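Residue numbers (this note's numbering), protein chains in the order written: chain L, 31 to 487; chain V, 31 to 487. First comes the structure, then the notes that go with it.
Protein chains: 2
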Amino acid sequence: MTIETAVAALGRMLGDRLSEAPAVRDQHARDEAHIAPCRPRAVAFPESAEEVAEIVRVCAAEGCPITPWGVGTSLEGQAIPDHGGLSLDMGRMNRVLAINVDDLDAVVQPGVTRTALNAELKGTGLFFPVDPGADATLGGMAATRASGTNAVRYGTMRENVLALQVVLADGRIIRTGSRARKSAAGYDLTRLFVGSEGTLGVVTELTVRLYGQPEAVSAAVASFPDIASAVRTVITTIQMGVPVARIELLDEVQIRAVNAYSNLAMAETPTLFLEFHGTEAGVAEQAERVGEIAAEFGAGFEWATKPEDRSRLWAARHSAYWAGRALRPGSAGWVTDACVPISRLADCIAETKADLAESPLLAPLVGHAGDGNFHLAILLDPESETERAEAARLSHRIAERALRMGGTVTGEHGVGLGKKPYMAAEHGEALGVMAAIKRALDPDGLFNPGKMIDANR
Amino acid sequence: MTIETAVAALGRMLGDRLSEAPAVRDQHARDEAHIAPCRPRAVAFPESAEEVAEIVRVCAAEGCPITPWGVGTSLEGQAIPDHGGLSLDMGRMNRVLAINVDDLDAVVQPGVTRTALNAELKGTGLFFPVDPGADATLGGMAATRASGTNAVRYGTMRENVLALQVVLADGRIIRTGSRARKSAAGYDLTRLFVGSEGTLGVVTELTVRLYGQPEAVSAAVASFPDIASAVRTVITTIQMGVPVARIELLDEVQIRAVNAYSNLAMAETPTLFLEFHGTEAGVAEQAERVGEIAAEFGAGFEWATKPEDRSRLWAARHSAYWAGRALRPGSAGWVTDACVPISRLADCIAETKADLAESPLLAPLVGHAGDGNFHLAILLDPESETERAEAARLSHRIAERALRMGGTVTGEHGVGLGKKPYMAAEHGEALGVMAAIKRALDPDGLFNPGKMIDANR
């Protein structure tokens, strides 16, 4: 029972769709985390659920770990095969299998990226909203329970995956639900696999929700005297039921970075970027409401009604990470992911910024403020041990702060290797339930070993 | 190891909060299903999670089954202790523990009913939306993954429970999440327990989402020439992104029943009851849009802008079940619960009505059309074996039809005993995963044995 035997058998099964080439293995050794890479022994490129099942059976028999791979945009090491074995690259399973316009859903293979799905949806009047920034695969996004800028309106992958097809550790292929909008028929396996980071099974098909494209879209920028005023504006907006599509916070450091990077001239103070979806009249009304609220909290409010202004604005928001890194050329970004009840968001950010004021490292902040979720990109010289240690210290203090404030160490990036040390503190006795589930579904620790939870003995 | 020993020990622990009185046991022997009652050996009335944990430990040691009890409004036998043992009445755990206005959430004990929570919310500007008709407890609603008329806008219990406190089969007390709006930290235990019908643990606390009360509410009634036109109106409304709060279908039989029961004079054809939530302008715009769509499909559209008209309308909708039964005095109602992709809803209803046309039994229909979910209340003489058999036959055909059309046998009432025979057909191999989870969390089958799934040996 060896990994070598598994690789040989997989080679016979897959031909040139099993690669042992160093370049391919290197490419599958790292994701976008600040975590050391680890090469898989080989990389498989399956083309069907049945083939995945066959691969799983071979690997199970030979004790060869399997780490699923989308496009490697995970941020906590989820895609790193850190126990070696097989990297299972789902990239060839990239077909949109069905678009059901009347039902507002689509059935896709896991290697379809979110922009590829939206390209296929052109002309249908529908779109898929979940947008984590990177052009991740839908399989990967389901695995990490991804969300992003418009989760405040459209939800995360938790709300937007209707059903999955999954290959289990014994090679069985299951379906976790139907295309019905809701069901009360048994345990919610769909939600169990969403966010399980490839530790319970391999997703081979997804049914996802779609939405009608809004008739009208408008955007606005509001500049605040301080973070607390921006957060109060967000809280009031949501309490009043204004269905904002996006309500993103950027701190003064991030605005400075964006101004420089995108050649803009926004006031360098805490700022909300807003987007409104609806009818023409509805969008105007939403924007007016939020403008009034923001004014009460001392904001300057600026419209971006023209499509080109709106595009420039959201291009600037989307490039925030790169803009941040450009503040310090050659730097790497260590990205944090705290999420707290929104009533604690201003405090959590204030304490975090007090830490930063005493740190030699610069760290622009962006936040999905409507969800209480914010990220720092701590800029560091990747070669400097001292700076890595300082980034780790800051990141650790943010994770502990989020827990102390009744939140979570990860709002949307997931656990992987990076947040695994916090699982006991976050979940207490409930971690034992997760471990029991892992052992029940993957008793030999075949899937993505080392990630999220240590359950297998 | 006997149930008698358990009951004696619980009596010493709980005093008069353990009842063996026949009347109390009778009261806990049945829910609102068409299923034969079964008396528990005793009924316990715990007052805290710690007390529930102590009760669970005693029962686990003595092999005494535990069936949690809310107010007994479940519709598939979930609350019937059909293996005897202990009925665990959560009614004394009925406090609202916290209302967090800024965070739009509340922390409640499981015995709080939805109307009690909304009464507590008076004056905060917030409300809890999930409304299954009955004034169920929130614990029970979480257990059955309840939804109801406004799920199309606000979601079901799946979307509206943020976190739970649960007592496990070994007496451990866990928390399944935080008050953060989203999290990517590990397996989604909240969603696993929501809908588990008391088979995995006892819910002792819930954190639920709240919403700002809409500034304006309006309602409308649209009468259609046929079911298909009504359903097309629903599909188009949702595709266009009109955020209807309620869009309920009543067939001509149900309208006849409602007219008679509530002294109304609606056209006796398939009808949609609609409710709109939003700003004054938003509500007017939504209603206008839907009015245009309905007109395209041949509907007569009638406003109910005055609060008293609206109240009368929704009172009529809420009394639909009783109105239906009044069509045949002395009858019982056998309620079905199919849910299909909305593109199949008109077909599913048409086939169902063809069955009814050939049946001696009358069965008014109401549907949460936006979710593809509809109910018949099959009216039968509860003393007639022939009629029970005919109701069972019709119900069986509806369940099989829902599965054939890619749907589920239960949109919102759950599995319990009534839908258990369909679990294998609906889930296939995935049922084995549910069984593995049940065995992992409740290896001795302590919690609600006999319900949903046979996993323990």
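Ideal placement from N, C-alpha and C gives every residue a C-beta, glycine not left out. On a predicted model such as this, the values are computed, not experimentally measured, just so you know.
Spatial neighbours of residue i in its chain, beta-carbon cut-off 8 Å, leaving aside the 5 residues before and after
i	result
L:A432	A368, C369, V370, C378, T438, V439
L:G121	F75, W99, G100, V101, G141, T167
V:I372	V261, V264, I265, I268, A399, G400, D401, G402
L:L343	A249, V251, F303, A334
Same chain, Cβ closer than 7 Å to residue i, five either side skipped, listed in chain order
i	result
L:Q284	A350, G354, P394, L395, V396
V:S49	A72, V73
V:E417	L391, L410, D411
V:S13	Because chain V here runs from 31 to 487, residue 13 of chain V falls outside it and cannot be looked at.
V:V126	A136, V138, V142, L147, E150
V:A454	L461
L:A297	S253, G330
V:E282	E298, T299, P300
Backbone CA spacing between residue i and residue j [nearest angstrom]
i	j	result
L:F223	L:V197	11 Å
V:L151	V:I96	32 Å
L:L192	L:K212	8 Å
L:D135	L:T237	7 Å
L:G312	V:G312	6 Å
V:T301	V:E62	27 Å
V:H457	V:A290	41 Å
V:G78	V:R47	According to the sequence provided, residue 78 of chain V is Ser. The question's Gly does not apply to it. Answer to the nearest angstrom: the Cα atoms are 12 Å apart.
V:I65	V:L447	8 Å
V:G480	V:P111	9 Å
V:D165	V:S177	12 Å
L:V182	L:L471	33 Å
V:L357	V:A287	6 Å
V:L118	V:C94	12 Å
V:A258	V:L194	41 Å
L:L40	V:I203	45 Å
V:T186	L:A295	45 Å
V:H426	V:V365	12 Å
L:S292	L:S253	17 Å
L:G68	L:A51	One detail in the question is off: residue 68 of chain L reads as Cys in this sequence, not Gly. Cα to Cα, the separation comes out at about 15 Å.
L:A214	V:L461	14 Å
V:A422	V:H405	14 Å
L:E278	L:D401	10 Å
L:E315	V:N124	40 Å
L:L230	L:L219	11 Å
V:E84	V:V54	22 Å
V:D484	V:E338	49 Å
L:L476	L:V82	14 Å
V:G153	V:A128	15 Å
L:E92	L:I33	6 Å
Residues bridged to residue i [DSSP beta-bridge criterion]
i	result
L:T167	L:T143
L:N130	L:D135
L:A246	L:G308
L:L236	L:V138, L:L194
V:W333	V:A250
V:D401	Paired residues: none, contrary to the question.
V:G363	V:L409
L:S117	L:V73, L:T97
V:Y241	V:F157
L:S49	L:V73
L:E278	L:F303, L:H398
V:I203	V:V197
V:A368	V:F404
V:F477	V:I96
V:T263	Answer is none; V:T263 lacks a bridge partner.
Integer-rounded CB distance, given that residue j should sit under 8 Å from residue i
i	j	result
L:V274	L:V320	7 Å
L:R209	L:D132	With a Cβ gap of about 11 Å, L:R209 and L:D132 do not count as contacting.
V:M482	L:G216	6 Å
Spatial neighbours of residue i in its chain, beta-carbon cut-off 6 Å, leaving aside the 5 residues before and after
i	result
L:A173	E227, G228
V:E245	T309
Does the region 246 to 259 of chain V touch the region 329 to 340 of chain V, meaning 3 or more C-beta pairs lie closer than 8 Å? yes
So does the region 136 to 144 of chain L actually touch the region 52 to 62 of chain V, counting three or more Cβ pairs closer than 8 Å? no
Quick one: any contact between the region 76 to 93 of chain V and the region 461 to 471 of chain V, if contact means 3 or more CB pairs under 8 Å? no
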